[in-house]
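Asker: Chains as they are written, first to last, in my numbering: chain A, 622 to 760; chain B, 5 to 353.
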């Protein structure tokens with residue numbers, strides 16, 4: 622199951638040239654560009670690991686692409702996303718976020734039905750990969 | 005060779021396809037367009053290099069360079085050559101004559117105060133206008149900014165600087181400090197390795213300019229042959245002649261809305277001759293410092309005489325001979341022999 626989230630989730634995966642253009646767009650707007658990675662694909666998992674520090678003092682997307690290449694080398698088997706954080710007063714939030722890397726195989730989610738009191742049923746989703754411990758989930 | 009020829013037929017310039025698309029008179033026009041072209045499919049019309057030059061705005065930068073920087077004839081010639089090469093490269097690229105991106109890393113050697121940093125700033129501007137760096141900013145660093153304090157500190161520090169410099173020019177002042185031959189555990193080596201790697205692999209992302217005094221730089225290159233081969237342009241900055249230093253002095257003053265009186269000019273010329281004999285002479289920088297001290301003395305003189313005289317705007321603008329002649333460079337033999345240069349002294353009388 623192909624995981625989608627963030628901006629451009631309805632599009633095919635972005636090429637490196639497209640990623641670079643989006644990163645440059647963030648920089649030109651004065652947003653700090655962040656690279657984050659995780660191996661827990663659950664949509665409610667919002668806190669991903671950061672790769673290095675937020676890049677707020679760069680001028681060119683080449684720097685982002687360099688870091689991304691290194692992150693892929695180390696964690697190429699995980700999800701990696703790129704986000705642009707707007708620190709200006711009143712916003713102070715992520716303005717843009719999209720996936721830039723995904724594992725070669727994505728097993729998807731299982732639906733768990735919990736029978737509760739009466740005839741109630743509680744539904745929850747669980748990623749198949751999270752059965753295994755962190756760091757050993759993909760590949 | 006076959007590969008290069010194939011790449012000549014780059015679409016979109018004046019190939020028959022684009023002719024057809026523009027509807028230039030149907031199939032017969034397309035045919036004649038093909039017939040007129042040489043076998044390689046290159047456009048035959050003349051290329052207007054002069055227009056390219058004005059379009060890029062390089063001429064402006066070069067003229068500015070000529071006007072605002074005095075002397076430095078060999079440096080200016082070299083920069084013109086580089087600019088010409090880049091311009092031709094740009095035109096070739098437009099025509100689809102593919103070639104490797106030129107290596108633009110440079111090394112500036114010369115004595116202190118000969119304008120290495122100033123020229124580096126201009127270089128960033130020229131490269132930006134010609135489209136060889138995308139942003140055209142200059143990040144000026146020294147050893148402290150690149151080399152860390154402890155194991156594992158250097159790599160992130162150097163990378164951080166490199167990231168900031170991407171799309172622009174990285175200017176490493178006194179680059180020979182990066183390598184310390186006497187200490188084999190020095191972290192400078194690590195910084196050098198990362199630098200070399202990025203200089204080689206990301207040539208289109210950033211331009212590195214190394215600067216330093218001629219002697220130590222020569223030693224630095226000898227112990228790091230990798231650096232020398234990755235740097236295409238070695239530019240040597242000559243010392244200034246007396247007349248050039250005088251002109252620089254006047255330019256500095258003019259920028260700050262001061263001017264020299266006739267006797268003041270003479271005094272400055274004397275000052276330059278005398279100062280050159282003393283240790284720690286650093287060309288234009290020494291002149292700037294001398295003029296800064298002359299301004300202090302001038303202010304002092306005006307304030308003292310304010311009680312008896314009416315002060316005009318002209319008085320406030322003029323540096324006179326006494327302001328310069330009061331310098332310790334003149335006269336006192338005791339100070340002339342002292343190892344302390346007048347720059348290191350904070351007193352000025």
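Backbone N, C-alpha and C define an ideal beta-carbon position, used for all residues, glycine too.
If you check the beta carbons only, do residue 271/B and residue 313/B fall under 8 Å apart?
Answerer: no
Asker: Per DSSP, what are the beta-bridge partners of residue 246/B in this structure?
Answerer: In the DSSP assignment, no residue is bridged to residue 246/B.
Asker: Quick check on residue 320/B: buried or exposed, where buried means 16 or more other Cβ atoms within 10 Å of its Cβ?
Answerer: Exposed, since its Cβ has fewer than 16 Cβ neighbours within 10 Å.
Asker: Mapping DSSP to helix, strand and coil, what is residue 733/A?
Answerer: strand
Asker: By DSSP, does residue 75/B sit in helix, in strand, or in coil?
Answerer: Here residue 75/B sits in coil by DSSP.
Asker: Where DSSP assigns a beta bridge to residue 747/A, which residues make up the other side?
Answerer: 731/A
Asker: Let's see if you can read the secondary structure: which residues bound the alpha helix (DSSP H) around residue 127/B?
Answerer: 120-133
Asker: Tell me which same chain residues have a C-beta within less than 6 Å of the C-beta of residue 715/A, skipping the five on either side of it?
Answerer: Here residue 715/A has 704, 706 as same chain residues with Cβ atoms under 6 Å from its own Cβ, once five neighbours each way along the sequence are excluded.
Asker: How far does the alpha helix (DSSP H) with residue 287/B in it extend, from its first residue to its last?
Answerer: Run containing residue 287/B: 287-309, per the alpha helix (DSSP H) assignment.
Asker: Of all Cβ atoms in chain B, is any one closer than 8 Å to the Cβ of residue 679/A?
Answerer: yes
Asker: Given that a residue counts as buried once 16 or more other Cβ atoms are within 10 Å of its Cβ, and exposed if not, what is residue 245/B?
Answerer: exposed
Asker: Helix, strand or coil, according to DSSP, for residue 205/B in the structure here?
Answerer: In this structure, DSSP gives residue 205/B a helical state, which the three-state scheme calls helix.
Asker: Taking the beta carbon of residue 626/A as the centre, do at least 16 other beta carbons fall within 10 Å, making it buried, or is it exposed?
Answerer: exposed
Asker: Indicate whether at least one CB of chain B lies closer than 8 Å to the CB of residue 623/A.
Answerer: no
Asker: By DSSP, does residue 676/A sit in helix, in strand, or in coil?
Answerer: strand
Asker: Measure the Cβ-Cβ separation of residue 759/A and residue 750/A and say whether it is below 8 Å.
Answerer: yes
Asker: Can you give the Cα-Cα distance for residue 54/B and residue 126/B, rounded to whole angstroms?
Answerer: 21 Å
Asker: By Cβ distance below 6 Å, which residues in the same chain neighbour residue 151/B in space, the five residues on each side in sequence not counted?
Answerer: If you ignore the 5 residues before and after residue 151/B, its C-beta comes within less than 6 Å of the C-beta of 158, 191, 192, 195, all in its own chain and listed in chain order.
Asker: Quick one, which of 123/B, 153/B, 222/B has its alpha-carbon nearest residue 83/B's?
Answerer: 123/B
Asker: Name the two residues that bound the continuous beta strand (DSSP E) containing residue 268/B.
Answerer: Unbroken run through residue 268/B is the alpha helix (DSSP H), 266-280; no beta strand (DSSP E).
Asker: May I ask which residues mark the beginning and end of the beta strand (DSSP E) holding residue 657/A?
Answerer: 653-659 is the extent of the beta strand (DSSP E) around residue 657/A.
Asker: Would you mind telling me which residues of chain B sit closer than 7 Å to residue 653/A, beta carbon to beta carbon, in chain order?
Answerer: None at all; the shortest Cβ gap to chain B is about 13 Å.
Asker: Between the region 672-681 of chain A and the region 731-746 of chain A, are three or more C-beta pairs nearer than 8 Å?
Answerer: Touching, no, given that fewer than three Cβ pairs across the two stretches are closer than 8 Å.
Asker: Evaluate contact between the region 216-230 of chain B and the region 254-273 of chain B, counting only Cβ atoms and requiring at least three cross-stretch pairs below 8 Å.
Answerer: In short, these stretches do not touch, since the Cβ pair count stays below three.
Asker: So what does DSSP say about residue 41/B, is it helix, strand or coil?
Answerer: Note that residue 41/B scores 45 on pLDDT, short of 50, meaning its location in the model is unreliable and no value can be drawn from it.
Asker: Quick one: list the residues of chain B neighbouring residue 684/A, beta-carbon separation under 7 Å, in chain order.
Answerer: Against chain B, the beta carbon of residue 684/A has neighbours under 7 Å at 167, 170, listed in chain order.
Asker: Tell me which same chain residues have a C-beta within less than 6 Å of the C-beta of residue 237/B, skipping the five on either side of it?
Answerer: 110
Asker: Any C-beta of chain A sitting closer than 8 Å to the C-beta of residue 138/B?
Answerer: yes
Asker: Could you work out which residue in 277/B, 218/B, 234/B, 239/B is closest to residue 247/B when comparing CA atoms only?
Answerer: 277/B
Asker: With distance defined between alpha-carbon atoms, name the residue in 60/B, 80/B, 322/B, 95/B nearest to residue 267/B.
Answerer: Measuring from the Cα of residue 267/B, the nearest candidate turns out to be 322/B.
Asker: Along the chain, where does the alpha helix (DSSP H) that runs through residue 637/A open and close?
Answerer: 637-649
Asker: Any heavy atom of the ligand NAD closer than 7 Å to the beta-carbon of residue 175/B?
Answerer: Of the ligands one can find in the structure shown there are none, so the ligand NAD has no counterpart to examine.
Asker: Taking only the alpha-carbon atoms, compute the straight-line gap between residue 629/A and residue 673/A and give it to the nearest angstrom.
Answerer: 24 Å
Asker: Is the distance from the Cβ of residue 661/A to the Cβ of residue 748/A below 8 Å?
Answerer: yes
Asker: Assign residue 638/A to buried or exposed, taking buried as 16 or more other Cβ atoms, counted over all protein chains shown, within 10 Å of its Cβ.
Answerer: exposed
Asker: Would you please state the rounded distance, in angstroms, between the beta carbons of residue 169/B and residue 210/B? I believe it to be under 8 Å.
Answerer: 5 Å
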